[in-house]
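Peer 1: Here it is, the structure in full.
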Ligand SMILES: C[S@@+](CC[C@H](N)C(=O)[O-])C[C@H]1O[C@@H](n2cnc3c(N)ncnc32)[C@H](O)[C@@H]1O
Ligand code: SF4
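Residue numbers (this note's numbering): 141 to 587.
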C-alpha cells in the first residue's frame, strides 16, 4: 500500500484553504439582541410569563442590574465580533417603563456593540401602558417597529381570558401608533378562547387586518398550569374549552383569512405582508440561525456555540449581577451534531429549510445524518423538497412541533424544554380560586 515514505510535516488540516476565504476570518457574525422587561401594569389571567406588577416591583434595582449585565458583556469584549441587525424589547411589557429608562438601555447597547444603522428595533406595547407621548419618544430614539398586544377586539373575549383592556383602548393605541408615524407594526392576536365562535374569530381577524398592520402573530390560547385562567377554569368561572376539532378548524380560518388579505404565513403563528417578516425571527429561527443574546431575567441566548438562560426569578437575577458575576443559570455547549439538529428544529418553525445552506455551513449533506427522518417526513406528506429547500406542507404545519421534535437527538430526545415560565399568582389568588374550585383551603380570615 505505501510504496514510498512521506516525509511531509503535517501541521495544517484541512489542506483545501483558499485565498478568497481570508477576509471571512474576521467577518462579523449576524446577530440579534433581546432585552427582557419583566413588568406589567396588571397581570393577565392567561399569562405564564415571569412577570411582576410594576407598581409593586423594585424597577430601578432591576434596571441597574440590566445595565450592569450589558456593560459586563461590553467590558469583557464578548460581543466584539457580532453585528446586531435587530433588537427586541419584550417582556412583560417594556412600555410600562418611563421612555427615558428604556431609551437609556437602547443607547447603552448601541454605544457598546455594533448595531447597524438600519437595525430593526421593536418594542412590545399594550394598551394600558402605552401613550401617544411614549410613541413619539420611541420613534425619535430610533425604534422603528411596534409589537402591539391586542389579543382580541371583543370585550366579551377579553373578559374571559382576563385581559384588563377593552376594545376602545385598542383603538386609542392604534391612534397613537399611527400619529407617531409608525408604518411597521405587528399585532398579537389570541384565538381559541373558550366559547369563541368562528364568527367572532373572523370579526377579530377582519379588525386586525383593517388596522393596516404589516405583521400579525396569531396564537392559539394555551391554558397554562398555575395561571389564574387555569384556576378559574377549575372553578368553572369560564366557559368550557373548545374541542380539538373546533380549534383545528380555527387554525385553518386564521391562515385562510389572513392569506386572503395578503399576509403570508412565513412561520408558525407568524403572518406578514411581503418584506415585513420580522428580522428577529429571521436571525433567531430561520435556518441557518444567527447568534442571539438575551439580556435580563429569564432571557436565553445562543452565542459562541452555547445555549444558556438567565435566572427566571428577578431577585435571583439581580443578586447574581450585583455579585459581579454572570446571571446565567443553565447552559450547554452544543456539539456539532446538536448544532445541525438545531438547524432543523428551529428552522422548521419558519416552514422552510435550506439544504444548500446546511452544506455551506457544515460541509456535508444533511441526508448523511438525518436521512431516515427526512424521508419519513416526505413520505408522510409533512414537507416536500422544492429546489434546494424543504417546504412544510399545509398538513405539516398542523404537526410542526412533531416535525421539529423528530430532529431531536441524544439527551434532548423526549424531553421538554426548560420552563422559562414561573407562576405569577399571588398567594391570595391561589387560595381564592382553589376555594371556588371546591378545594378545602383555609378561609380568608385564617392566619
Ligand atoms: C410578552 S407578551 C406581549 C407583550 C405585552 N405584554 C402584551 O401582553 O401585550 C407576548 C404575547 O404572547 C401571547 N400569549 C401570552 N400568553 C399566552 C397564552 N397563554 N396563550 C396564547 N398566547 C399567549 C400574547 O399574544 C402576547 O401578546
Ligand atoms: S400577557 Fe403581556 S401584559 Fe399580560 S401579564 Fe403577560 S406579559 Fe404582561
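The beta-carbon is built from N, C-alpha and C at its ideal position, and this holds for glycine as well.
When you compare the CB positions of residue 329 and residue 290, do they come within less than 9 Å of one another, or not?
Peer 2: Their beta carbons are under 9 Å apart, which means residue 329 touches residue 290 by this criterion.
Peer 1: Any chance the CB of residue 372 is under 8 Å from a heavy atom of ligand 2?
Peer 2: Outside the cutoff, so no.
Peer 1: Excluding the 5 residues flanking residue 562 on each side, which residues of the same chain have their C-beta closer than 6 Å to its C-beta?
Peer 2: Because the pLDDT of residue 562 is 49, which lies under 50, any placement of that residue in the model is unreliable, and the number read from its coordinates should be weighed accordingly. Within the same chain, residue 562 has close Cβ partners 190, 452.
Peer 1: Can you tell me which of the three DSSP states residue 407 falls into?
Peer 2: If DSSP states are grouped into helix, strand and coil, residue 407 belongs with the strands.
Peer 1: For the region 166-177 against the region 219-227, are there 3 or more C-beta pairs whose distance is under 8 Å?
Peer 2: At 8 Å Cβ cutoff, the stretches touch.
Peer 1: Since residue 378 contacts residue 372 with CB under 8 Å, what's their CB separation in whole angstroms?
Peer 2: 5 Å between Cβ atoms; contact.
Peer 1: What are the start and end residues of each continuous beta strand (DSSP E) run of 3 or more residues lying completely inside the region 311-350, in chain order?
Peer 2: Whole beta strand (DSSP E) segments, 3+ residues: 325-331.
Peer 1: Mind checking whether the beta-carbon of residue 329 lies closer than 8 Å to any heavy atom of ligand 1?
Peer 2: At least one heavy atom of ligand 1 is nearer than 8 Å to the Cβ of residue 329, so yes.
Peer 1: Just list the residues that DSSP pairs residue 223 with in beta bridges.
Peer 2: Its beta-bridge partners are 170, 254.
Peer 1: At a threshold of 8 Å, does residue 233 count as lining ligand 2 (C-beta to nearest heavy atom)?
Peer 2: Indeed, a heavy atom of ligand 2 lies less than 8 Å from the Cβ.
Peer 1: Quick one: grab the DSSP three-state call for residue 450.
Peer 2: Reduced to three states, the DSSP call for residue 450 is strand.
Peer 1: State the beta-bridge partners of residue 412 as determined by DSSP.
Peer 2: Beta-bridge pairing links residue 412 to 355, 404.
Peer 1: What would DSSP say about residue 429, mapped onto helix, strand or coil?
Peer 2: DSSP places residue 429 in coil when its eight states are reduced to three.
Peer 1: Could you tell me which uninterrupted alpha helix (DSSP H) segments, each at least 4 residues in length, are contained entirely in the region 155-219, listed from first to last along the chain?
Peer 2: Whole alpha helix (DSSP H) segments, 4+ residues: 199-215.
Peer 1: Could you spell out where the beta strand (DSSP E) holding residue 524 opens and where it closes?
Peer 2: Segment 523-526, the beta strand (DSSP E) holding residue 524.
Peer 1: Mark residue 351 as exposed unless 16 or more other C-beta atoms lie within 10 angstroms of its C-beta, in which case mark it buried.
Peer 2: Buried is the call here.
Peer 1: Are residue 433 and residue 259 closer than 9 Å when you measure CB to CB?
Peer 2: It is not a contact, given that the beta carbons lie outside the stated cut-off.
Peer 1: For residue 494, which three-state DSSP category applies?
Peer 2: Strand, per DSSP.
Peer 1: What residues in its chain sit with their C-beta under 7 Å from that of residue 281, if we drop five residues either side in the sequence?
Peer 2: Here the set comprises 243, 246.
Peer 1: Check for me: the alpha helix (DSSP H) holding residue 538 runs from which residue to which?
Peer 2: 534-538 is the extent of the alpha helix (DSSP H) around residue 538.
Peer 1: Verify the contact flag: residue 191, CB atom, against every heavy atom of ligand 2, threshold strictly below 8 Å.
Peer 2: Residue 191: yes, Cβ under 8 Å from ligand 2.
Peer 1: Tell me which residues share the same chain as residue 402 and place their Cβ nearer than 7 Å to its Cβ, disregarding the 5 neighbours each side in the sequence.
Peer 2: Excluding residues within five positions, the ones whose Cβ falls inside 7 Å are 413.
Peer 1: Check whether the region 438-454 touches the region 342-360, taking contact to mean three or more Cβ pairs, one atom from each stretch, closer than 8 Å.
Peer 2: Short answer: they don't touch.
Peer 1: Restricting to Cα atoms, I'd like to know which of 472, 376, 310, 384 is closest to residue 348.
Peer 2: The shortest Cα separation from residue 348 among 472, 376, 310, 384 belongs to 310.
Peer 1: So, with DSSP's three-state summary, where would you put residue 557?
Peer 2: Correct three-state label for residue 557: coil.
Peer 1: Do you know how far the Cα of residue 572 is from the Cα of residue 586?
Peer 2: Note that residue 586 scores 42 on pLDDT, short of 50, meaning its location in the model is unreliable; the coordinates nonetheless yield the value given after this. Their Cα atoms are separated by approximately 13 Å.
Peer 1: Is residue 186 near ligand 4 - that is, is its Cβ less than 8 Å away from at least one heavy atom of it?
Peer 2: Because ligand 4 does not appear in the structure shown, any question about it cannot be addressed here, the ligands present being ligand 1 and ligand 2.
Peer 1: For residue 320, which option in 407, 164, 146, 278 has the closest C-alpha, if you only look at C-alpha atoms?
Peer 2: That would be 278, whose Cα lies nearest to the Cα of residue 320.
Peer 1: Beta carbon of residue 209, beta carbon of residue 469: below 9 Å?
Peer 2: No, the pair does not count as a contact, with Cβ atoms beyond the cut-off.
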